[in-house]
Structures are given as C-alpha cells and as structure tokens.
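Protein sequence lines, in the order shown, are assigned to chains A and B. To convert, count from 1 in the first sequence and add 363; that's this note's numbering. To convert, count from 1 in the second sequence and add 13; that's this note's numbering. For each residue, glycine too, the CB sits at the ideal point set by N, CA and C. If you're wondering where the values come from, they're calculated on a predicted model, not measured in any experiment.
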Amino acid sequence: MTDTAAPADTVHLTIDGRELDVPKGLLVIRAAEQLGITIPRFCDHPLLDPVAACRQCLVEVEGQRKPFTACSTTCTDGMVVKTHLTSDVAREGQEGQLEFLLLNHPLDCPQCDKGGECPLQDQTLAHGPGDSRMIDRKRRFTKPVPISAQVALDRERCVLCARCTRFSAEISGDKFIELFERGALEQVAIYEDEPYESYFSGNVVQICPVGALTSTSYRFSARPFDLRSLPGVCNQCSAGCNLRVDVRRGEVQRLLARDNMAVNEMWNCDKGRFGFEYVASAERLRQPVVRDELGSMRPATWLTALRAAAGRIQAAVDAGGPAAVGVLTGGRLTDEDAYAVGRFARDVVGTDNVDFRLRPRTDEERDVLAAVAGTLGPTYDEVEHAPVVVVAGLETEEEVPILHLRLRKAWRKHRQRIVVVGPVIGSLEEIAWRWIQTPAGEESSRLTALASGGDADLSEVTDALDEAGDRGVVLAGERLAHSPGALPAAAELARARGLGFAWVPRRNGARGAVDAGLLPGLLPGGRIAAEPGPVADAWGRLPEQPGLDTRGMLEAAAAGEVRALYLIGIDPVRDFEDPALAQAALERVDTVIVQDLLQNETTRFADVILPATAAQERVGSFTTWEGRRQPFPQAVAPQGLAQQDWDIVRQLARALGSDLGWETANDVRREAAPLMEVAGSALSRLPGAQGGGVVPASPERSGDDAPVSSERPSAGHDAPASSEPSPDSLSHQEAGGAEFPFGVVVVDYLVGDSTMLVGAKALKETARRPAVWVHPADAGRLGLADGAEVAVVGSAGRLVWPVRATSGVLQGCVVLPGNSSGQAPGLLGGSRVRLEPVAGTGGDE
Amino acid sequence: MPEVQVLSQRYSLSDGHTLDGYLRSGGMAGLRVALDMAPADIITLVKDSGLRGRGGAGFPTGVKWGFVPQDTGRPIYLVVNADEGEPGTFKDRELMERDPFMLLEGMAIAARALGCARSFIFIRGEYLWPGIRLEEAIAEAYTDGWLGKDIQGSGFDFDVTLHYAAGAYICGEETALLDALEGRRGQPRLRPPFPAVAGLYACPTVVNNVETIATVPHIIELGAEWFRSMGTEKSPGPKLFCVSGEVVRPGNYEFPMGTPAREIIETACGGMLPDRALKFWAPGGSSTPLLTAEHYDVGMDFESISAAGSLLGTAAMMMFSDRTSVVDAVLNWTRFYEHESCGKCTPCREGTFWLAQILERILDRRGREQDIQILDDLCDNIFGRAFCALGDGATSPIKSSIKYFREEYVQLIEQGRLPDHIEPHAGVVTENSGHHRPHSRPPARAGAHAR
C-alpha cells in the first residue's frame, strides 16, 4: 500500500532509463510519479485498492512478454520499466485502450459538466486519435438516471473504472452502489430496494474520471474554465476538511474536497460539499435592522444599528452592572471571532457571562477543556496509527464524518482496535472491536475502570491499552458532557495510561471557542480567570466575578437579572435543550442583539439585528478537533451589507468607547495567537487524580450491576478474521423507575435542520429519516415494528417519531434525533422517557 | 497411437455411475493406496507423473499442489472446476455423468495430499444430468463411508459440496469462479495473491479441472511410470478429446496425448462427413487459434499444437468443412465472447462488442476495405492487454481466420458474397445463420433507478 510506513528495505528499479530506489511494495505507477512521469490512468486512485480494470496504464516491463498495468504491478528489485515515453509497446497499448474507451463514449464534451477538467478528455488530447475509425452503433442508455437526489448517472459516459463502487466499498463503507450486468452492458447502478444512502456520495462525483456521475446541484451551472478556484476550509463541522471553493461571477458554484493528506486526505462529506447554498439564500440577513420606539423593525445603517446596540448594552450595564449582559455564541465563529467576542465581553463590557455551548454542558467540563485549549493533537494521523482507540460520547459518522472515515481506514488497513464506551455504538458497529456497554449517563464508571484496570470484565481492553502504550488514543465527544463525570473520567483514562486525548466537538467553531476561552471562568489558552497570565497584560480589564453559563444566563434573563443578551450565530429558541426557558428568557429580557447570517426562530425577538458574513465571504481560520488551526481566504463578496463578526464586535466596542486596536483580521490574529496557542499536549495539563480535577463518577441512577464488555464480531468482506467466541451482548438496564424506563441519548444527524443547510434541497433529500433508535429486544417487547411510529413520553412532553430497531443501541436506551425533525427532544423534559406505541401505525416495509 | 480406456473405462458399463458398479470395476483402488501414503508422497508421485491440468492451461498439477502453504493456520480448500463452458467442450459432462465416483475418488486423494478437509465442485448450472448423477454419487459415498468423517476407518475427514453455477462463462476462470462461489459477482480477481495462497475465503485453495482430478486415482494406483507410458515426454498420459462439427461420429474419445488429429478424426470419428473436405478446425475450443487442413497431422499435445501456432486448450476439436464460412463461424464465436465478457476490463468489454458489430456488418455485405485491418488491430489491442484470458481467447478465432482465410473476408467485402460452395449462401448471411439481432437493444435495468 502506498500509505503505509515504508519498511527499511527498498528496491532498486529503472523507469524510462532513470534509476530510483523505492520502498518495497510500491506500485510502478506511484514510482513513476516520483520521477515526474505521469502514466495515463482512469481506474487507479492513490487511496483505493488497485483493480486494473481500465488497462490504460500499460507499461513495458523488460523480460515480460505482455505489457503490465502499472497501477497493479509492484516494483521489484532490478525491474526495468518503460512507459509510453520510451516504449512503443506501452504507447501503442495505451493508445489502443484509449480507442476502446472512446468507442462507446458519447463524446458530448460540449455539454458535459466534466468537459474542461476531464481525464478522458485530457488524455485523448494528449495521447488519443484525432478521429474514430468506427462507423458502427454506440451503446445507448437512458440518461441521466438518479443514483440519489444528489447524484445523477450518465451510463454512456461511464468508463467502468469502478472508482465509485470501490470508494463505497472501501472508504465510506456504504455499499449501495454497484456494478450490474456484464460485457458492454455493464453499468453502475443502485439496488432496486435500497437507496444509495451515503454521507459521502459527493466524493464519487469528484473522483469520477469522466462525466458519468454528476451532482444534481451543480449540473450545467458552470464550465470549469470559467471558474475561479480558491482554497477554503469547511465550516460545517470540526473535521476541518480542506476545500476548493469554485466561484463564478461572485457566486459559489460548488465546493470540492481539496487534498490534504494530514486532514481530510482527498475526501469530504456531503454536508460540507453541498451545504453552501445558504450563502446566497434569500433568507440571508443583508442589512442591519433596529427596533424603533413603536416596536417595529426597521432597516438601518450600520452606524445607527451599532449605536443602538451599544446604547442598549450600556443601558443594561448601567442598570445591573456588567453581569447584566450575557453573550452567547454558536458553533460557526472563526477563531478570530471567538477571540474578539471573548475580549469584547470581558474587557469592553466587563462580564464573564459568555458561553459557546448551546448543547448540554456541565461545570466539570471546564478543567478538561482548559487542558485541551490551545494544544495540538492527537492528530488524524496519530488516531489512524493508534493500535487502540477508545471512543465515548461520539457518533463519528453523524458528528465528524471525516474522522469516521479515518477510523474506518485504520480498521481496514491496520485492524485498529476500536473500543466504544457507552449506550450507543451507532455507525461504529461494523468496525468496532469491543463495545463496553453502559446505560445512558453512566459512562464514567466504566471509563474509570478502564483507567484503573483490574476489572476482569475489561481485562481484554486494558491489556490492549497496555500494549498500545502512549500510541493509544481516547476520543471524547462533546456529548460526554451530558453524562455526569464522564468527560473527566475519559480524560483521567488518558492521563492515567498516558494515552492521547482528544475532545471532539461537533461544530467547526467549538474548538476555537475553547481556545479563546468562550466559556465562563476560562480565558484564552485554557487559562482560568484566577490566573490570567499574559492575558491580563493584553487586555484592559478582566471580569471581577465569575460568569454564568448558557442556562444560567437564560435563567437570569427570564428572572430579569440579565438585561441584555448578545446572540452571535445562535438560535436558542430552536436549539437550546429547554426551548421554553429560552423563549421565556427572550421574552423577558430588555435587549436582544442578534448577529447572524440567516433568519431564524430567535431573530423575531431581536431589538437589533447585525448581519454577519458567511465563511466563504470572509477571511479567518477554523480549528479542527485536533487543535489544528487552518486559515482560509475570502472567496466571494458578502451578501448585502454583511460584515465579519470580529469587525462588528470591534465597531461595537468603538461605539461603547473602547478601541481594541484592530484594523484587520490579521491584527486580531496577531494579538490572539500567542494567547490562544499552548505548547505541549493536553495530556500534560490534564488535572491529575490527586489534583482533584477529576471526580470519580457516582452515577445518579446506577444499574443493578456493572455493564459488561461485549464482543462485537466484525462483519463484512474485509473484516479482520476473528476466531474468538462471540458471546451474546448482555445489557443491564432496567433500573430508572417503571414510569420512565428508558435513558435518552440525543444525537444530531449530520444532515438535519441546520440553518446552514438552507437552500441545499438535494442534499436535504438525502437526509436520514429521523427515528427513535431502539434495541430490537425492547422494540419487540413493546410490540414496536421497525418503521412504526412511537410516542416518546417524558416528564414534560410527548413526541412522535418512527422506530428504528437497531442492535447498535443498548437495551433500556433510546437515541433521539436532535436536529432533524422540527421537534426538540428537550421538550420531553429530563433524560428519561417511556415509549408508547401509536395506534394504527405499522411497519413501513 | 490406439484409442485407450483409462478415464473412459466405465463409459460402456450400465452401472459405472453407482458405487457398486464403481467398486466392482476396480474403483477406489487409488484412494485405498493414497490413504496409506504420506501426503507429501502423493504430491511427489503426481509431480513425477508429469500430469498437466486438463482445463486448458496445462499447468503441472503436482507443482500447483506444491504451492499450497501448509502452515498458515487457515483451512485449505479444494475446488473442482466443473464449469465446463468453453465452446465445443463436453468431456467433463460425460465423465461426471458416467463415472462420478472417479471424480470423487480423485478429490479425496487430492484433499489427502493437500491437507484439505472441505471441497467444492463448481458445476455448470446447465449440467442438470451430470449434477444429478453427482448428487446421487455424493450421497452414496457419504452413506458408505467414502466421504465424510473417518473415511474407511483411516481417520481422514473430507467433505464435498456441489455448487451449481449461474451460467456465466467467465466463472470458468478460476478467480472469477472463487468470487462466484463466495456469493459475489463473478469477475476475475487481481493476482497476486494467487489462489494457492489466498483463494476461497482468502484461504489457500487449489482449483483443478474435473478431468485432471479424475486422472489422479489412476496415477496413484498404477504409478507415474505407467502414466508416462502414454503420451509424450512433456505431455504424458491419456486425454479425452471432444470432437464436434462436420464429422461422421462426433463425441468424446480417449487417446494418449500426442496422437495426431488425423488419427483421432479418421479412426475414431469416421472422418469428415461424406463429400466434405476439412477446411479449418479449432484444436482446443473456440479460444484456441484455428488450424487448417495442413495441420491435420499435428500431434494433439501441448507442445506440438503450440508449435503449430495454436493451443491444446480443452482438447475440444471442432471440425469444419469447405461448406462452412469461416467468417460466419467466427462471428458466432465472437458473439459468444461479446455476450460472455464480464465487463471488468476495457479491451475485452469494448473490444468484443465492436468486433461482433464489424463482423456482422461484413457478413451483411456492408464491410469496408479497412475493416480487416481494424479487426486485426482491435485483436492486437485486446490480446495480452485484457485482465484475464477471456479477452485473449476472443481474439484467437479472428486473428487466425484472417491469417488463413483473408481471401474469404476480402471476397465478402469486395464482392458482397461468400465463395460459391459455402452454405448458406442465399440472402443476408446473418439472418440465415441465426445470427440476426435487433439493432436497437433495450437498455437493461433502466427501471432500477426510480427512487
């Protein structure tokens, strides 16, 4: 394989008369690339297994009577290879294959999306004939046919290279696209009864070497040579995929995955690829709006709006002190914005009431986040090469899809041992090595047991962790904050065993917000308010009293104590776990300043609306879950009068009489970088067991017995062989009271109701159907058919979704869709529910 | 060389296909010997015999067995390739119909040699009658302790599973066969790894032809020297020849390897049909280059046929007279390859599709002068460039027919007609010879994409 670490031994070979040494096992096509020789190819892809189907890469190997395909031939010592540059056999072989590929190709380049960036077109120009010798009839197919709402297939253009099908089988693991039929009628297709359900389908469009697979949202919208391409960084999750932003006449036409082998390799997810339509959406906020004396919203100039906002903030401070102002931010802010907002709240307003966490949060998070802030690593590569990875509170495919692909790769290539701790295994079910099952909210006891060892049930996993040493990694999802003691326990597991530790948030701005200290009591670089260090010198002042978190602020607002809420990129009415509280707070509070991209449910409460730029309309940087800061340039002009968030904050500070000293985003960066970045790893800063930072969990609702580790035999074609026994998975959760027997886990789906997916119609059609995930045994016991509707009843409400029976959920636990159905699970109240069949609904099959 | 009766020794028995009949006529003697032999000695004996694979490639069987690693900790599988799809070939069919126990005995010996406990017979789906015979034989063998646990008290366990193929020619290619047997789409695999190392379910696997395996009991029973007493130095032993076409008595005939084609046809088959002269013939199925009357005296062994410019293949001798159009016959075969190309690689998939169209057009009297050159070029671009041997085979009849009978192509193109003595010679040839096909073919699976 090309990407595995090269063994010490190398082989010496000659290509086109030039000698070189390459690692043993390298393919000839890769070796030639090292010399700058590009052998034509279609089916070859550096990250896919060789298939040698297109036969385009024929080369002559001395001593062999037939030409070899360079894409499937490994270099051997003393091999003498001649490519088309020096060998007639190779050249004629390649020309012959090109002629074959063109015979049935429709040659509709002028109307094909791929025209201008098409390997088949390029290679025909470089090596192909000027005309055809054939007069016979080409193969015809109906076209295009939809593979999914997002991907269209033109079978006539297809060269059957199997890149798309191999991507599905090898990389994304969703084998819903296959080759059917045979001979000249062989074709790519989907199954009649199974949709092409993939979060990664855009990649097959991008790697298609012809125009056979096209994106329905980009079809016919631009010619490649009319596009201006800029580098970008994805703003949809914390994976930090590098993107190519293709712009035509000031509008984003498409986003492509940009190669960065350290981060996203060559892939990205569909949300990141297709979820950009909001940028030019009609629902964008394009100009400042201010509520006038009569209560109506009126468009305003920036000057008026900023003065109004500043006046209202000042009024709140005058009435209740700095603590009467609360600042809430969402997940979309850049690192620079986060720093600017943090300094604005503390230095300009003087309040510590600042929080970026709309999701469930706990106070115990802070020490762990403080340790993580500003550090780098474990990185994608370190995760990939870790012998053991412990995953807790993280549904990788839904939350950070590209991290999911890395784990799949590690499993496929290195048989990585993935250990899932918690009540849900979800999309890791196929690849996980062990699932340490715990009831919802009780992860901490098992994580603590893993840290201390000595638990016979877990000896297999602890042995593996011992063996892995410091190469093992703990991935702790942000959802772990929902589980008492779990995040500190995960951190302690890493600390006690010297493993890499990563806190994996969902949103792209979350890590930058942590680094910038956008939560109460925390300053940039993980400094706590009591020990500000250089922050004290850089800033004019620091808050005197500790601030409130999101819930605290909303409660204080509802009680009239907080008088002004400054909401930046956040929609608490829809997204806060207690929508009623959010609504009450916004109704009660004197001033709501909304700084956002799009209309949402919160904007109607606004007194001042400040329009902000989308990621593609600005400069900045996002920090990945690893802690890798990735800057990006501006790709398009802002819509309307929208401005960059840091700049709005700067001007608001001016209106409040403070000059923060910034003129450009670079000025913010220069000031922020030394404060936000920290040398060393999170591990060295994690609170030690004796330091008191980690409190061993005492679960509130303990089960009657400790959960046990359960074998997860791997399934599938390329699963590592396992001869070990496969005991039935056992679960131990019937506690929790008869009234509400089920513990709740809320998972946000990748493609959900996010405002940043406004306008991405085809993408949203590919969204997974919101459902209540229930263990089949529970579903059976309650008489719930797969697909039937079920009422989820909590102490405060009742919501109805369809059932999805899956063994990826522990018995006694349900997984509810967080953001996909227009119904917030927060309305149920509390974290325990019961399920009631809804009369008159059956299964959907 | 006279006709022999080794593999065909029970063809004349009415009950040779039953266990009783088999045992009464000396069956299981080889297995009885083998059960007392060390596995390595069996492999050595087969190596010494010089037995070469009868499926077409002629690879030495003992050497193939020797490639199987014994220390991987994984099971070793034996797979019998009974997917006899090569046009003109029907030797395995009759062998399985008339003497199924000889195959089972050979399998047990091979399994004993290889350390294999589980084997599969991948039988052509259309082979209903041979399949039934095999099913009956397998059941009888299990009942009487010739298969299953502790065979004949020897402590040797061996299971046989009969698997019916779904009808694709490509599944006769050993790696495509293994994919199909695993339940996948039958397409050839990239090699390496070779099946001997990672075959069925990624375990060490030997794939052997039916006739090859059926030959093994005789070698074990009678020895390598006996085996080498027949045939040539490099192609020893007896061989089944499937003769078809315009001969008086087509059928399977067993001769020592190296017997001249003329002797097989003229003695056993009664020669060509009356008033018909040999014009061209395929020595080993349609995938082997055609030969002509001038090669009638070539010996039917790997080396001699190779020297004559063709391949022994499956030894399916298809004999054609001067009444047959070679272009017509070639189109027939080419349509077969077009239909059976698996679609995986470009040259075979696209090449066979276009070769068939061009040949059809030539026979429809719409040929162009340059078409012969194009046919020849396309064949050159397929041969040795395709993923597996199917593509190579598809070019054989075309290349060889152009080589020997270019005049017939030229006459069709220039004069729009075939030589006068050829039948059928009225009307459009492709219609008369059953080759007509509708010009617009319905796209398959169009409805499968509605969502």
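To the nearest angstrom, report how far apart Ala1084 of chain A and Glu793 of chain A are at their CA atoms.
-> Translated into the one-based positions of the first sequence, residue 1084 of chain A becomes position 721. Translated into the one-based positions of the first sequence, residue 793 of chain A becomes position 430. The predicted model places Ala1084 of chain A with a pLDDT of 38, which falls under 50 and marks its position as unreliable; any figure quoted below should be read in that light. When rounded, the distance between both Cα atoms is 13 Å.
Quickly, what does DSSP pair Thr465 of chain B with across the bridge? List them, please.
-> This structure cannot speak to residue 465 of chain B, because chain B is shown only from 14 to 464.
In whole angstroms, what is the alpha-carbon distance linking His314 of chain B and Met270 of chain B?
-> As a position in the second sequence, residue 314 of chain B is number 301, starting the count at 1. As a position in the second sequence, residue 270 of chain B is number 257, starting the count at 1. Per the sequence shown, residue 314 of chain B should be read as Asp rather than His. Near 5 Å, if we compare the C-alpha coordinates of Met270 of chain B and Asp314 of chain B.
Chain-order list of residues whose beta-carbon lies under 6 Å from that of Arg344 of chain A (same chain, five-residue window excluded) | An answer regarding residue 344 of chain A cannot be provided, because it is not within the stretch 364 to 1208 covered by chain A.
Under the three-state DSSP convention, the category Asn477 of chain B falls into | No answer is possible for residue 477 of chain B: it lies beyond the span of chain B, which begins at 14 and ends at 464.
Per DSSP, what kind of secondary structure is Tyr309 of chain B in: helix, strand or coil?
-> Within the second sequence, numbered from 1, the residue matching residue 309 of chain B stands at position 296. Coil.
According to the neighbour-count rule (16 or more other Cβ atoms, all chains shown, within 10 Å of its Cβ), is Arg520 of chain A buried or exposed?
-> One-based indexing of the first sequence puts residue 520 of chain A at position 157. Buried is the call here.
For Thr359 of chain B, return the contacting residues in chain A, with the cut-off set at a CB-CB distance below 8 Å.
-> Translated into positions along the second sequence, residue 359 of chain B becomes position 346. Under the 8 Å cutoff, chain A gives Ala416, Cys417, Arg418, Gln419, Gln460, Phe463, Leu464, Val522 and Leu523.
Give the straight-line distance between the Cα atoms of Val76 of chain B and Leu64 of chain B, rounded to the nearest whole angstrom.
-> As a first step, residue 76 of chain B must be located in the second sequence, where it is residue number 63. As a first step, residue 64 of chain B must be located in the second sequence, where it is residue number 51. Using only the alpha carbons, I get a separation of about 10 Å.
Cβ shell of Gln513 of chain A (< 8 Å), same chain only, five flanking positions each side left out = Taking the first residue of the first sequence as position 1, residue 513 of chain A is located at position 150. Excluding residues up to 5 positions away in sequence, Ser564, Gly565, Ser578, Thr579, Ser580, Asp633, Phe637, Ala1125, Leu1126, Glu1128 and Thr1129 lie with their Cβ nearer than 8 Å to the Cβ of Gln513 of chain A in the same chain.
When DSSP labels each residue in this structure, what does Gly399 of chain A get in the three-state scheme?
-> Position 36 of the first sequence, counting from 1, holds the residue named residue 399 of chain A. Residue state, collapsed to three classes: coil.
Indicate whether the contact test is met: 3 or more Cβ pairs, each with one atom in the stretch 639-657 of chain A and one in the stretch 1002-1011 of chain A, closer than 8 Å.
-> Because the criterion of three Cβ pairs below 8 Å is met, the stretch 639-657 of chain A and the stretch 1002-1011 of chain A touch.
Per DSSP, what kind of secondary structure is Tyr90 of chain B in: helix, strand or coil?
-> In the second sequence, residue 90 of chain B corresponds to position 77, counting from 1. DSSP, read as helix, strand or coil, puts Tyr90 of chain B in strand.
Same chain only: Cβ atoms within 6 Å of Ala948 of chain A, ignoring 5 sequence neighbours per side | Within the first sequence, numbered from 1, the residue matching residue 948 of chain A stands at position 585. Cβ contact annotation for Ala948 of chain A (same chain, cutoff 6 Å, sequence separation greater than five): Leu917, Ala920 and Ala921, in chain order.
Minimum Cβ-Cβ distance from Gly493 of chain A to chain B less than 9 Å | Translated into positions along the first sequence, residue 493 of chain A becomes position 130. Chain B, which has no Cβ nearer than 9 Å to the Cβ of Gly493 of chain A, makes this no.
Top-ranked residue by Cα proximity to Ser257 of chain B, from B:Ile134, B:Lys104 and B:Phe268 = For this step, residue 257 of chain B is matched to residue 244 along the second sequence. Of the candidates B:Ile134, B:Lys104 and B:Phe268, the one whose C-alpha sits nearest the C-alpha of Ser257 of chain B is B:Lys104.
So what does Ala295 of chain B bridge to, in DSSP terms?
-> Numbered from 1 along the second sequence, position 282 holds the residue referred to as residue 295 of chain B. Its beta-bridge partners are B:Met331.
What residues in the stretch 406-434 of chain B bring their beta carbon closer than 9 Å to a beta carbon of chain A?
-> Cβ contacts with chain A: none found.
Is Pro1209 of chain A helix, strand or coil by DSSP?
-> Here chain A covers residues 364 to 1208 and nothing more, so residue 1209 of chain A does not appear.
Alpha carbon to alpha carbon, what distance is there between Leu36 of chain B and Ala164 of chain B?
-> Against the second sequence, residue 164 of chain B aligns to sequence position 151. Against the second sequence, residue 36 of chain B aligns to sequence position 23. Ala is not the amino acid found at residue 164 of chain B; the sequence shown has Ile there. When rounded, the distance between both Cα atoms is 15 Å.
Short CB-CB distance (under 9 Å) between Glu533 of chain A and chain B = Working through the first sequence from its first residue, we reach residue 533 of chain A at position 170. When Cβ-Cβ separations below 9 Å define contact, Glu533 of chain A makes no contact with chain B.
Beta-carbon proximity check, Ser356 of chain A vs Leu466 of chain A, cutoff 9 Å | Only positions 364 to 1208 of chain A appear in this structure, which leaves residue 356 of chain A out of reach.
Less than 8 Å between the CB atoms is what I'm expecting for Glu841 of chain A and Ala795 of chain A, so what's the real figure, rounded?
-> To locate residue 841 of chain A, count along the first sequence from 1; it is residue 478. To locate residue 795 of chain A, count along the first sequence from 1; it is residue 432. Rounded, the Cβ-Cβ distance is 20 Å, inconsistent with contact.
Is any beta-carbon of chain A found at less than 9 Å from that of Leu203 of chain B?
-> The count along the second sequence starts at 1 and reaches residue 203 of chain B at position 190. At least one beta carbon of chain A lies nearer than 9 Å to the beta carbon of Leu203 of chain B.
Chain A partners of Gln370 of chain B, CB-CB under 8 Å?
-> Within the second sequence, residue 370 of chain B is the residue found at index 357, counting from 1. Under the 8 Å cutoff, chain A gives Asp499 and Arg500.
Any chain A beta carbon closer than 9 Å to Ile387 of chain B | For the purposes of this step, residue 387 of chain B is taken as residue 374 along the second sequence, with counting starting at 1. So yes, Ile387 of chain B belongs to the interface.
Would you please verify whether the beta carbon of Gln383 of chain B is less than 9 Å from any beta carbon of chain A?
-> In the second sequence, counting from the first residue as 1, residue 383 of chain B sits at position 370. Yes, Gln383 of chain B lies at the interface with chain A (some Cβ there is under 9 Å from its Cβ).
Under three-state DSSP, which class holds Gly258 of chain B?
-> For the purposes of this step, residue 258 of chain B is taken as residue 245 along the second sequence, with counting starting at 1. DSSP places Gly258 of chain B within a strand segment (E or B) once states are collapsed to three.
The beta strand (DSSP E) with Cys1176 of chain A in it runs from where to where?
-> For the purposes of this step, residue 1176 of chain A is taken as the residue at position 813 of the first sequence. Taken as a continuous stretch (DSSP letters only), the beta strand (DSSP E) holding Cys1176 of chain A covers Cys1176 to Pro1180.
Limits of the unbroken beta strand (DSSP E) element including His447 of chain A | For the purposes of this step, residue 447 of chain A is taken as the residue at position 84 of the first sequence. Counting along the chain, His447 of chain A falls outside any beta strand (DSSP E), and DSSP gives it neither H nor E.
Using a threshold of 9 Å, state whether the C-beta atoms of Pro302 of chain B and Ser409 of chain B are closer than that.
-> Along the second sequence, read from residue 1 onward, the residue named residue 302 of chain B stands at position 289. Along the second sequence, read from residue 1 onward, the residue named residue 409 of chain B stands at position 396. With a cutoff of 9 Å on beta-carbon distance, Pro302 of chain B and Ser409 of chain B are scored as near each other.
For Ala126 of chain B, which of B:Ile411, B:Ala209, B:Ile55 and B:Arg336 has the nearest alpha-carbon?
-> Against the second sequence, residue 126 of chain B aligns to sequence position 113. Distances from the CA of Ala126 of chain B to each of B:Ile411, B:Ala209, B:Ile55 and B:Arg336 were compared; the closest alpha carbon is that of B:Ile55.
So, is the C-beta of Arg1197 of chain A closer than 9 Å to a C-beta in chain B?
-> Reading the first sequence from its first residue, position 834 is the one you call residue 1197 of chain A. Not a single CB atom of chain B sits nearer than 9 Å to the CB of Arg1197 of chain A.
What residue does the beta strand (DSSP E) around Val642 of chain A start on, and which one ends it?
-> Taking the first sequence and counting its residues from 1, one reaches residue 642 of chain A at position 279. For Val642 of chain A, there is no enclosing beta strand (DSSP E), as DSSP marks it with neither H nor E.
As assigned by DSSP and simplified to three states, the class of Tyr177 of chain B = Start at 1 with the first residue of the second sequence, and residue 177 of chain B comes out as number 164. DSSP places Tyr177 of chain B in strand when its eight states are reduced to three.
What first and last residue would you give for the alpha helix (DSSP H) that runs through Gly79 of chain B?
-> As a first step, residue 79 of chain B is located in the second sequence; it is residue number 66 there, counting from the start. Start and end: Thr74 to Gly79.
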